[in-house]
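Just so we're aligned, residue 1 is where the sequence shown starts under UniProt numbering, counting upward by one.
Cβ coordinates follow ideal geometry from the N, Cα and C atoms, glycine included.
Computed from a predicted structure; not experimentally measured.
Notes for the one structure printed next.
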Amino acid sequence: MRDRSESAGRHDTVPLDLSRPAGPDDPRRSRQVEARRPHSGRAPVGPPGVPRQREPVPDRRRAPLAVAAVINTFWAAAVVVVPILALALLAPAIWSAGPSLGAARIGLAMWLLSLGTPLSTSVGTIALAPLGIGAFALWRVMRAGVHTTRAIGARGNGRPRHAVVIGAACGLVYGVLAGLVGWFVNSDVVGVAPLRAALQGLVLGGVAGILGAIKATGSTRTLARRVPRVVRDGTRTGVVAALLVIGAGAGVIGLAIATHYEVAGKILEQYKPGGAGNQAGVTLASLVLAPNFAVWAASYLVGPGFALGTDSVVRASGVAIGGLPAIPAFAALPTGPLTGVATMLLGVPVLAGMTAGWLLVRRRLRPRQGLVPVVHWGHVLTSSIVAGPVAGVLLGIACLFSGGPLGDGKLAQIGPDALRVALVATGVITIGTVLGAIGTRAARGLGGLGALTGRPASAERPVEG
Numbered sequence: 001m002r003d004r005s006e007s008a009g010r011h012d013t014v015p016l017d018l019s020r021p022a023g024p025d026d027p028r029r030s031r032q033v034e035a036r037r038p039h040s041g042r043a044p045v046g047p048p049g050v051p052r053q054r055e056p057v058p059d060r061r062r063a064p065l066a067v068a069a070v071i072n073t074f075w076a077a078a079v080v081v082v083p084i085l086a087l088a089l090l091a092p093a094i095w096s097a098g099p100s101l102g103a104a105r106i107g108l109a110m111w112l113l114s115l116g117t118p119l120s121t122s123v124g125t126i127a128l129a130p131l132g133i134g135a136f137a138l139w140r141v142m143r144a145g146v147h148t149t150r151a152i153g154a155r156g157n158g159r160p161r162h163a164v165v166i167g168a169a170c171g172l173v174y175g176v177l178a179g180l181v182g183w184f185v186n187s188d189v190v191g192v193a194p195l196r197a198a199l200q201g202l203v204l205g206g207v208a209g210i211l212g213a214i215k216a217t218g219s220t221r222t223l224a225r226r227v228p229r230v231v232r233d234g235t236r237t238g239v240v241a242a243l244l245v246i247g248a249g250a251g252v253i254g255l256a257i258a259t260h261y262e263v264a265g266k267i268l269e270q271y272k273p274g275g276a277g278n279q280a281g282v283t284l285a286s287l288v289l290a291p292n293f294a295v296w297a298a299s300y301l302v303g304p305g306f307a308l309g310t311d312s313v314v315r316a317s318g319v320a321i322g323g324l325p326a327i328p329a330f331a332a333l334p335t336g337p338l339t340g341v342a343t344m345l346l347g348v349p350v351l352a353g354m355t356a357g358w359l360l361v362r363r364r365l366r367p368r369q370g371l372v373p374v375v376h377w378g379h380v381l382t383s384s385i386v387a388g389p390v391a392g393v394l395l396g397i398a399c400l401f402s403g404g405p406l407g408d409g410k411l412a413q414i415g416p417d418a419l420r421v422a423l424v425a426t427g428v429i430t431i432g433t434v435l436g437a438i439g440t441r442a443a444r445g446l447g448g449l450g451a452l453t454g455r456p457a458s459a460e461r462p463v464e465g
């Protein structure tokens with residue numbers, strides 16, 4: 001009895017060779033057993049104590065580029081257009097103006113306007129693009145580029161050439177859709193140039209699609225390695241500075257509306273006789289134009305300001321306001337030049353540049369493999385100088401797209417002067433980035449950034465950065 005128990009114990013404690021696949025020693029026998037075993041859809045069960053072996057998942061068939069681009073880009077456009085159409089069909093003012101076909105045309109015209117396509121109406125040319133809708137539309141095209149990249153199996157291949165082809169395919173589909181919508185919208189109510197709409201959709205959709213495909217293919221690092229480090233750091237710092245200035249503009253607008261909420265409420269009450277639908281429409285229009293207002297406020301902080309018609313100019317040095325449309329957001333407009341403590345707002349762009357410069361050196365000081373890199377003075381100075389023009393160009397482009405005419409009357413000129421904003425912002429932000437970067441680098445030289453890097457300054461071993 002004792003011998004049998006010992007034999008059973010020895011049998012239960014046989015060591016398993018996990019380096020060999022589970023199953024019989026003879027591979028041919030294993031294949032025969034698996035062939036006779038009925039397929040249950042579950043992974044095969046091995047001996048006790050050994051993890052179940054997963055069956056290999058067959059590779060999914062890759063979709064053709066044309067099919068993937070059409071499906072994903074069409075869906076990207078539908079996500080934006082369908083809500084606009086629904087709101088247009090439900091708006092009481094549009095219902096009273098005509099049948100549902102006219103409402104549909106007006107709704108689709110708003111989508112084309114957000115892409116920068118001018119509209120010809122009875123009051124003149126309307127080209128003030130709502131950046132809220134436009135930014136959402138371009139973001140959806142970027143996602144279409146990502147999904148198309150995944151569908152054709154190019155995800156993570158690191159090839160910029162594939163990203164360009166995928167983005168161009170998405171842009172081509174988007175341009176065709178915009179051209180067809182422009183052909184449908186063009187009527188006696190709203191005039192649209194279908195070819196212009198197609199070109200706008202092709203260019204903007206192509207750029208957004210390429211950006212999304214670059215992200216999905218992982219080509220960012222491939223492209224970054226081809227660009228000098230000074231240019232990379234300067235571009236990144238300039239983008240951060242521009243976003244900080246626009247964010248500050250949005251904060252100023254929000255604070256001004258909050259402090260003048262009574263005036264904004266009175267403006268909104270003017271639409272009360274038309275019903276709640278009119279008030280909702282004005283509120284919605286203010287929301288989709290909120291990015292425009294943020295850019296205008298940024299141009300005000302930079303210095304040149306912006307125009308609200310042929311007889312209205314708003315800048316820090318002086319304000320001249322004529323007849324304006326009744327929009328609640330206009331309650332935040334200043335009534336005169338900046339005085340006293342308010343003049344400190346003009347230092348916001350410099351402060352944004354200093355923050356971006358600090359982040360530049362802070363990122364260069366990030367420990368790598370347990371070592372804190374050395375940040376050279378030449379690299380800091382050159383990168384911060386490059387950041388200024390980058391931020392100025394970005395702010396100028398934002399100002400260019402944020403303005404446009406609202407008819408042929410007094411509102412024929414709305415928005416900032418893009419060139420002046422770009423030039424002034426370049427100089428102001430360059431000063432800020434240089435001060436911030438040099439100050440941070442000087443503090444690093446004195447050993448004052450040990451806490452920022454998470455390591456005591458005395459224990460740091462510098463490496464080349």
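*How close, in whole Å, do the beta carbons of glycine 175 and alanine 198 come, if the pair is a contact with beta carbons under 8 Å?*
Rounded to the nearest angstrom, the Cβ distance from glycine 175 to alanine 198 is 5 Å, consistent with a contact under 8 Å.
*In chain order, which continuous runs of the alpha helix (DSSP H) of length 4 or greater are located wholly inside the region 81-132?*
The alpha helix (DSSP H) runs lying completely inside the region 81-132 and spanning 4 residues or more are 92-97, 100-114, given in chain order.
*Of the choices Val314, Ala290, Ala391, whose alpha-carbon is the least far from that of isoleucine 327?*
The shortest Cα separation from isoleucine 327 among Val314, Ala290, Ala391 belongs to Ala290.
_One or two residues paired with isoleucine 210 in a DSSP bridge_ = Per DSSP, none; premise fails for isoleucine 210.
*Measure the Cβ-Cβ separation of alanine 163 and isoleucine 267 and say whether it is below 8 Å.*
Cβ atoms of alanine 163 and isoleucine 267: not closer than 8 Å.
*Which residues in the same chain have their Cβ closer than 6 Å to the Cβ of methionine 110, if we skip the five residues on either side of it in sequence?*
Closer than 6 Å at Cβ, skipping near neighbours: Ile84.
*Going by C-alpha distance, which of Ala425, His379, Asp188 is nearest alanine 398?*
Comparing alpha carbon positions, the residue from Ala425, His379, Asp188 closest to alanine 398 is Ala425.
_Cβ neighbours of phenylalanine 74 in the same chain (closer than 8 Å, five flanking residues each side left out)_ = Val173, Leu177, listed in sequence order.
*asked:* Threshold first: 4 residues or longer. Then list the alpha helix (DSSP H) segments lying entirely within the region 197-252, N to C.
replied: DSSP runs (the alpha helix (DSSP H)) wholly in the region 197-252: 219-225.
*Looking at the structure shown, is proline 416 part of a helix, part of a strand, or coil, going by DSSP?*
Strand.
*Output yes if chain E places a C-beta closer than 8 Å to the C-beta of alanine 331; else output no.*
Reference to chain E is not applicable here, since this structure consists of a single protein chain.
*Pick helix, strand or coil for serine 368, following the three-state DSSP scheme.*
The question names serine, but residue 368 in the sequence shown is arginine. Reduced to three states, the DSSP call for arginine 368 is strand.
_Local Cβ density within 10 Å of proline 228, reported as buried at 16 or more and exposed below that_ = Burial is judged here by how many other beta carbons sit within 10 angstroms of a residue's own beta carbon; proline 228 has fewer than 16 and is exposed.
*asked:* With a threshold of 6 Å on Cβ separation, who are the neighbours of glycine 436 within its own chain once the five nearest residues in sequence on each side are excluded?
replied: Here the set comprises Met354, Gly357, Trp358.
*Could you check which residue in Gln413, Gly407, Ala391 has the C-alpha nearest to that of alanine 124?*
Just to set this straight, residue 124 is glycine in the shown sequence, not alanine. Of the candidates Gln413, Gly407, Ala391, the one whose C-alpha sits nearest the C-alpha of glycine 124 is Gly407.
*Compare the beta carbon distance of glycine 415 and phenylalanine 306 with 8 Å and say whether it is the shorter of the two.*
When the beta-carbon positions are compared, glycine 415 and phenylalanine 306 come within less than 8 Å of each other.
*Any idea which residues DSSP pairs arginine 315 with across the strands?*
DSSP, once it has assigned bridges, lists Gly318 as partnering arginine 315.
_Among Ser114, Ala391, Gln270, nearest to valine 80 - alpha-carbon criterion_ = Scanning Ser114, Ala391, Gln270 for the CA closest to the CA of valine 80 turns up Ser114.
*Taking isoleucine 438 as the reference, which of Val361, Gly323, Pro389 has the closest Cα?*
Comparing Cα positions, the closest option is Val361.
*asked:* Is the beta carbon of alanine 352 closer than 8 Å to that of leucine 395?
replied: Their beta carbons are not under 8 Å apart, which means leucine 395 does not touch alanine 352 by this criterion.
*Neighbourhood of arginine 155 by C-beta, 6 Å cutoff - its chain only, sequence neighbours within 5 removed*: Here the set comprises Thr149, Ala216.
*Candidates Ala297, Ala129, Leu112, Val146: which alpha carbon is nearest alanine 193's?*
The shortest CA-to-CA distance from alanine 193 to any of Ala297, Ala129, Leu112, Val146 is the one to Leu112.
*Return the CA-CA distance between lysine 410 and serine 312, expressed in angstroms with no decimal places.*
Rounded to whole angstroms, lysine 410 to serine 312 spans 9 Å at the Cα level.
*Count the CB pairs spanning the region 117-131 and the region 202-209 that are closer than 8 Å, and state whether there are at least three.*
Judged by Cβ distances under 8 Å, the region 117-131 makes no contact with the region 202-209, as fewer than three pairs qualify.
*Would threonine 440 be called buried (16 or more neighbouring beta carbons within 10 Å of its own) or exposed?*
The residue in question, threonine 440, is buried, as its Cβ has 16 or more Cβ neighbours within 10 Å.
*With a cut-off of 8 Å on the beta carbons, I'd call tyrosine 300 and alanine 316 a contact; round off their distance for me.*
Their Cβ separation, rounded to whole angstroms, is 6 Å, which keeps tyrosine 300 and alanine 316 in contact under 8 Å.
*Short check: CB of valine 319 to CB of proline 304, under 8 Å?*
No, the pair does not count as a contact, with Cβ atoms beyond the cut-off.
*residue 466 lies in the beta strand (DSSP E); which residues open and close that run?*
Missing from the structure shown is residue 466; the chain here goes from 1 to 465 and no further.
_Buried/exposed call for aspartate 417, threshold 16 Cβ in 10 Å_ = By the beta-carbon neighbour count (other beta carbons within 10 angstroms, threshold 16), aspartate 417 is buried.
*Assign threonine 343 to one of two classes, buried (16 or more other C-beta atoms within 10 Å of its C-beta) or exposed (fewer than that).*
By the neighbour-count rule (16 or more Cβ atoms within 10 Å), threonine 343 is not buried but exposed.
_Suppose you measure from the CA of alanine 264 to the CA of alanine 224; what does that come to, to the nearest Å?_
Rounded to whole angstroms, the separation of the alpha carbons of alanine 224 and alanine 264 is 47 Å.
*threonine 259 versus leucine 284: straight-line alpha-carbon distance, rounded*: The C-alpha of leucine 284 is placed about 21 Å away from the C-alpha of threonine 259.
*Where does valine 297 sit, in a helix, a strand or coil, going by DSSP?*
Contrary to the premise, residue 297 reads as alanine rather than valine in this sequence. Correct three-state label for alanine 297: helix.
*Within its chain, find whatever has a CB closer than 6 Å to the CB of alanine 169; leave out the 5 residues flanking it on each side and keep chain order.*
The beta carbon of alanine 169 sits closer than 6 Å to those of Leu65, Ala69, all from its chain and outside the five residues before and after it, given in chain order.
*For glycine 191, which beta-bridge partners are listed by DSSP?*
In the DSSP output, where bridge partners are listed per residue, glycine 191 has Ser120.
*Looking only at its own chain, which residues have a Cβ that is under 6 Å from the Cβ of alanine 256, when we skip the five neighbours before and after it?*
Within the same chain, alanine 256 has close Cβ partners Ala332.
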